[in-house]
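Enquirer: Here's a structure for you.
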Amino acid sequence: IGKEVARRLGSVPDLTTIIGARDASLGSSAVDDLRSDGCDVIFCQVDLDDEESIRDAAKFIRRQFGKLDVLVNNAAVCFNDPTLYGKVSHTPFVEQASITMKTNFFGTLAVTQSMMPLLLESPSPRIVNVASAAGRLSILGSPELVEAFTSDKLSVPELEELMNSFVSDVENGIHSQRGWPSTCYGVSKLGIIALTRVLARKYPQMMVNSVDPGYCKT
């Protein structure tokens, strides 16, 4: 998905697209491929699980361009999930919860927060968060959780607390009793959708959207 987004954006006149990837060889290979198709793209190494890497990426963009017009948050991990694919992962669910939230939610949040000063330098900044129908509200089995995620007063720190509580409840073996589903990916994308709404309220001058690309062979 990320490469095809870069292909579309990279073909827009007067727009340089930055491909971020944790694997430098794969990222550079994608850039070479897209450039051969005439796309204006460059590579920047960034790892959602590494705060220093994220800060370095923001510094690189500031040095090169001074601003950022569009941020597309696409990176994510997903273990085999019986609620999504009918396949069961051999990774313990506790470990799945920690890894998935760290990358999909907290990593995306860290990237967004690091890039925000650059976005605010743009005359028409945009954020696009790649979400999923797996993060629909109906996966929650608690009215209190639904209310918390949909509150118009929800803040980023409160959302972080919600996401941490899922991991904590999984670790304590009580996530089902608390109304959480047994899909880490779904909860992470629920968090991304909620984050989109929070940011849209906080930055009315910015276009902030989430999008569900549907099932893709990635």
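Note that my numbering numbers the sequence shown so that position 88 is 94, with each residue one more than the last.
Backbone N, C-alpha and C define an ideal beta-carbon position, used for all residues, glycine too.
Note that this is a predicted model, so its numbers are computed, not measured.
Classify Lys159 as buried or exposed, calling it buried when 16 or more other Cβ atoms lie within 10 Å of its own Cβ.
Expert: Counting Cβ neighbours within 10 Å, Lys159 comes out exposed, since fewer than 16 surround it.
Enquirer: Here's the rule: buried if 16 or more other CB atoms are within 10 angstroms of the residue's CB, otherwise exposed. What is Val94?
Expert: That one is exposed.
Enquirer: What are the complete alpha helix (DSSP H) segments, minimum 4 residues, inside the stretch 33-76?
Expert: Here the runs fully enclosed are 57-70.
Enquirer: Flag this pair as yes or no: are the beta carbons of Ser216 and Asn135 separated by less than 8 Å?
Expert: For Ser216 and Asn135, yes; Cβs fall inside 8 Å.
Enquirer: Can you check which of these residues, Lys223, Ile133, Thr114, Val100, is closest to Asp175 by C-alpha distance?
Expert: Selected option, being the one with the closest Cα: Val100.
Enquirer: Look at the alpha carbon of Pro129 and the alpha carbon of Asp75, and state the distance between them as a whole number of angstroms.
Expert: C-alpha separation (whole angstroms): 8 Å.
Enquirer: Any idea which residues DSSP pairs Thr23 with across the strands?
Expert: Its beta-bridge partners are Val47.
Enquirer: Taking Met213 as part of the beta strand (DSSP E), name the residues at either end of that continuous run.
Expert: Run containing Met213: 213-217, per the beta strand (DSSP E) assignment.
Enquirer: Would the beta-carbon of Val47 fall within 8 Å of that of Ala81?
Expert: No, the pair does not count as a contact, with Cβ atoms beyond the cut-off.
Enquirer: Give me the Cα-Cα distance between Glu10 and Ile133, rounded to the nearest whole angstrom.
Expert: Computed Cα separation, rounded: 17 Å.
Enquirer: Do Ile198 and Val117 have their CB atoms nearer than 8 Å?
Expert: No; because the gap between Cβ atoms is not below 8 Å, this pair is not in contact.
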